[in-house]
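Residue numbers (full-length UniProt numbering), protein chains in the order written: chain A, 1 to 96; chain B, 1 to 298.
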Amino acid sequence: MATALATLGTLLATLGVAFLLVAAIGVWRLPDTLSRLHALTKADTAGTALVALGALCLSGSLSAALPLVLCVTLVGISGATLGHLIARAHLGRETR
Amino acid sequence: MPVFDILTATGAVFCAAIALGARDRVAAIAGFLLMGLVVALAWVRLGAPDVALAEAAIGAGLTGALLLRGAARIGPLEPAAPPARALRASAALLALGLAGLLGWAFAGAGGASVYPALVRASLAESGVGNPVTAVLLNFRAWDTLLEVVVLAVALLLVAALAPPRIDPAPLGEMVLPFARVVVPVAVLLAGHLLWLGAEAPGGAFQAGAVLAGGAVALGLCGVLRPAERTGAALRIAGLAGPALFVLAAIATAALTGGLLDYPAAAAKTWILVIESALTLSIAATLFLLFLGSEGKSR
Chain A
1 MATALATLGT LLATLGVAFL LVAAIGVWRL PDTLSRLHAL TKADTAGTAL VALGALCLSG
61 SLSAALPLVL CVTLVGISGA TLGHLIARAH LGRETR
Chain B
1 MPVFDILTAT GAVFCAAIAL GARDRVAAIA GFLLMGLVVA LAWVRLGAPD VALAEAAIGA
61 GLTGALLLRG AARIGPLEPA APPARALRAS AALLALGLAG LLGWAFAGAG GASVYPALVR
121 ASLAESGVGN PVTAVLLNFR AWDTLLEVVV LAVALLLVAA LAPPRIDPAP LGEMVLPFAR
181 VVVPVAVLLA GHLLWLGAEA PGGAFQAGAV LAGGAVALGL CGVLRPAERT GAALRIAGLA
241 GPALFVLAAI ATAALTGGLL DYPAAAAKTW ILVIESALTL SIAATLFLLF LGSEGKSR
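Set out below in structure tokens:
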């Protein structure tokens, strides 16, 4: 049970890191602000959530869940809001 | 873990290079913020979570907000001619000299410090279980008092210079729901850090910085309008913490004969009361530094 949970945790965290890596490559390689945001916001939030889920499995205690859920929630909503704000500022600059 | 340590060390230097070399102010500030986060990670690896918390909340978070605010006021970077060769050579020489001095000091500082053992031995009489809080608010409370006075002086300077207040542009419909989630969480987290500081990493500076972060979010989404009356209330709140700390010092001198020498059984109560007042006043001070104090908004 414990090893299964640890394996699952490592797997989830690795997957999350892969998502974050894709987000980073997207920011680096994509041509303009909006497509960079597109790559960053989604993959970033998913990656953080997966890493947190993996960390929860690795820690094996439910009391670790509260701070991890709080982290993921904050990253999720701030990522979404920041993406919106950056896109808004970008569009405002373009139409002006 | 050595791979992680090498990554944080080189990452911090790389981010510092971005902060110094970027042609764009916002990019330079982004580099500085990233450096703060990487340095916070390095502090965690060095086993100093208190410093890491302070670095992340104040060094990376609020300083970044202050720098961005300043950058917005002074406008974009003007392309300037590269400095003269003699100037660059002397700057390089000075930097090398400083690096050499630091290296020499580091090499000379052999042996373990005597303080951890001393603190551990007398932790029980400090009233708190967190050695960092015991040092900051009990054994060396005098130093902390002076540090807090530095913040109060900064607040007075801002009031004296009266920079124009910021009047944030409307940020769209996503910001208010964001603030509705983040601000209550910031208040809860500040209370948690304050209470936790007695037994675990946390304390007034970290809690105050988190609280100020929540206030900055409120200010940016236009809810906390900088009116005459709120400004005065914030300034009073900012000065109340140091004032209470000074009063506590006088009271302890009268009660026990020693400056900030708390009565033995009630040390924890004294520390918690002082830290609570400090949290509020650090938050108010940092928020006022961000918002500007007097004058017309712009």
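Here a beta-carbon is modelled for each residue, glycine too, at the ideal position from N, C-alpha and C.
query, result
"Can you say whether Y115 (chain B) is buried or exposed, counting buried as having 16 or more other CB atoms within 10 angstroms of its CB?", "exposed"
"What are the residues of the segment 68-86 of chain A that lie near chain B, defined by any Cβ-Cβ distance shorter than 8 Å?", "L70, T73, L74, I77, S78, A80, T81, H84 and L85"
"Are any of the Cβ atoms in chain B nearer than 8 Å to that of R36 (chain A)?", "no"
"Closer than 6 Å by C-beta to C57 (chain A): which residues in its own chain qualify, once you throw out the five before and the five after it? Chain order, please.", "L5, L8 and G9"
"Is R140 (chain B) helix, strand or coil by DSSP?", "coil"
"Answer with yes or no whether the minimum CB distance from R88 (chain A) to chain B is below 8 Å.", "yes"
"Going by the CB atoms, is the gap between L193 (chain B) and A207 (chain B) shorter than 8 Å?", "yes"
"Looking at G127 (chain B) and I271 (chain B), is the spacing between their C-beta atoms short of 8 Å?", "yes"
"Is the shortest distance between the beta-carbon of V44 (chain B) and the beta-carbons of chain A less than 8 Å?", "no"
"Could you tell me the distance, in whole angstroms, from the CA atom of F287 (chain B) to the CA atom of G213 (chain B)?", "8 Å"
"R23 (chain B) by DSSP, collapsed to three states: which one?", "coil"
"Taking all protein chains shown into account, decide if M35 (chain B) is buried (16 or more other Cβ within 10 angstroms of its Cβ) or exposed.", "buried"
"Count Cβ pairs between the segment 99-111 of chain B and the segment 230-248 of chain B that sit closer than 8 Å; are there 3 or more?", "no"
"Can you name, in chain order, every residue of its own chain whose Cβ lies under 7 Å from the Cβ of A251 (chain B), other than the five neighbours on each side?", "none"
"Is L161 (chain B) close to chain A, meaning its C-beta is less than 8 Å from at least one C-beta of that chain?", "no"
"Measuring CA to CA, which of A:D32, A:A87, A:H90 and A:L53 is closest to A13 (chain A)?", "A:L53"
"By how many angstroms is the C-alpha of N138 (chain B) removed from the C-alpha of L123 (chain B)?", "10 Å"
"Can a CB atom of chain A be found closer than 8 Å to the CB of M174 (chain B)?", "yes"
"Give a yes or no on contact between the segment 33-43 of chain A and the segment 64-77 of chain A, applying the rule of three or more CB pairs nearer than 8 Å.", "no"
"Between which two residues does the alpha helix (DSSP H) containing S59 (chain A) stretch?", "T33 to S59"
"L171 (chain B) touches chain A at which residues, Cβ-Cβ below 7 Å?", "L85"
"Under DSSP, the alpha helix (DSSP H) around E94 (chain A) begins and ends at which residues?", "A65 to T95"
"Measure from the C-beta of K296 (chain B) to each C-beta in chain A and report whether the shortest distance is under 8 Å.", "Its pLDDT being 46, under 50, K296 (chain B) is placed unreliably by the model, and the measurement read from it follows with that caveat. No, no contact with chain A."
"Nearest chain A C-beta to A17 (chain B) closer than 8 Å, yes or no?", "no"
"A283 (chain B) and L211 (chain B) look like a contact to me (Cβ under 8 Å); what is the Cβ gap, rounded to whole Å?", "4 Å"
"Select from the segment 179-190 of chain B all residues with a C-beta closer than 8 Å to any C-beta belonging to chain A, and list them in chain order.", "V181, V182 and V185"
"So the candidates are B:R25, B:A52 and B:P177; which of them puts its Cα closest to the Cα of L74 (chain A)?", "B:P177"
"In whole angstroms, what is the alpha-carbon distance linking R298 (chain B) and E173 (chain B)?", "Unreliable positioning characterises R298 (chain B) in this predicted model, as indicated by a pLDDT of 42, which lies under 50. The coordinate reading is nonetheless provided below. Whole-angstrom Cα-Cα distance: 22 Å."
"Scan the UniProt domain \"MrpA C-terminal/MbhD\" (12-72) of chain B and note each continuous alpha helix (DSSP H) run of 4 residues or more that stays entirely inside, going in chain order.", "25-45 and 49-54"
"Output the distance between the C-alpha atoms of P31 (chain A) and G31 (chain B), rounded to the nearest integer angstrom.", "21 Å"
"Of the choices B:A179, B:A121 and B:T285, whose alpha-carbon is the least far from that of A80 (chain A)?", "B:A179"
"For E78 (chain B) and W43 (chain B), I'd like the C-alpha separation in whole angstroms.", "36 Å"
"What's the call for S113 (chain B), buried or exposed, on a 16-neighbour Cβ count within 10 Å?", "exposed"
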